[in-house]
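As structure tokens, the structure follows; a few thoughts come after it.
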Amino acid sequence: MNQEKIKALTDLLKKLNSGKITPALKQEAKEFLTDLNPAELSLAEQELIKVDLKPEDLRHLCNAHLEILKDGLPQKANLPVGHLIDTLQKEHEKILFFLDKLEALNQKIQKMEEYRAEDKEWQELKHITEHLIGAEPHHQREEQILFPELEKCGVFGPPQVMRQEHEELRKHKHELERLANEAGALDFNDLKKQLDANTQFLIFNLRDHIFKENNILYPTALEVITESEIWQEMKIAADKIGYCCFTPKI
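Counting in the numbering used here, the sequence shown runs without a single skipped number right up to 271 at its last residue.
Next comes the structure, spelled out in structure tokens:
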């Protein structure tokens, strides 16, 4: 990508990061990014990181690109069962299932008048939380295997953003766990407020995170990591890390 485009992209990001995202600005971003595929976007982000742009500031660029992808998402790659990306995508489906359950459960709890230990909702909350925290091997396989391989290929932007999001999501998962375990000891109205805020954060941001990985990160990986031997080595490394309790048999 030439320096003129990099400067234009930097200027666009400054506007997106200003907090005043107007319909006209969205259209400007869409027109600029339409011709960038995921790999080119990653290279652009890499250039921006070289000039000290913070990873969190790349999110607006990532989100602007997603607006374009929503109009024509890349077709899901036809991957063999057990392929690193295929397994990660299938785990995403399970995580989304638990987020749907969490969303419905939170709505029920918000309508409750008081805490009663015998209500099944509290055990269900613990069950969902255990599975969300149980996704840790999924994140470790990305952070220890997929992200470093992408960086070897010169793709730095998306892995940095995803790592940061993983850390934020971990904090909120463990906060959800704390609320589930201490529910009976907390003021009920305060519990509901904290639970609602934490749940809303997790549902929105984890769904968004999964969408970005499925439609930017993984397609980029499949495009830039071209040697089958490397994918085989990555699969062996993934087996050593292990899988989630909900990972489909591979």
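Quick reminder that beta carbons are idealized off the backbone N, C-alpha and C, glycines included.
Judged by DSSP in its simplified three-state form, K132 adopts coil rather than helix or strand.
In this structure the region 117-137 lies against the region 202-216, because at least three pairs of beta carbons, one per stretch, are closer than 8 Å. Of the candidates E234, I154, L207 and F222, I154 places its Cα closest to the Cα of H195. By the Cβ rule, the region 242-256 counts as touching the region 166-185, because three or more pairs are nearer than 8 Å.
Taking C-beta separations shorter than 8 Å and ignoring five residues to either side along the sequence, the partners of N219 in its chain run H193, E196, L197 and L200, following chain order. A straight-line Cα-Cα distance of about 22 Å links G175 and I231. Residue state for V102 is assigned as coil, using DSSP reduced to three classes. Per DSSP, reduced to three states, the secondary structure at L207 is coil, with no helix or strand assignment.
Straight through space, the alpha carbons of W143 and Y264 are spaced by roughly 26 Å.
Sorting L109, P180, I166 and K147 by C-alpha distance to the C-alpha of A156 places L109 at the top. In this structure, R228 sits away from L46, with a CB-CB distance that is not shorter than 8 Å. N202 and Q48 have their C-alpha atoms spaced approximately 46 Å apart. Looking at the backbone, the Cα of A258 and that of H160 are separated by about 14 Å. Residue range K141 to I154 is occupied by the alpha helix (DSSP H) that includes L153.
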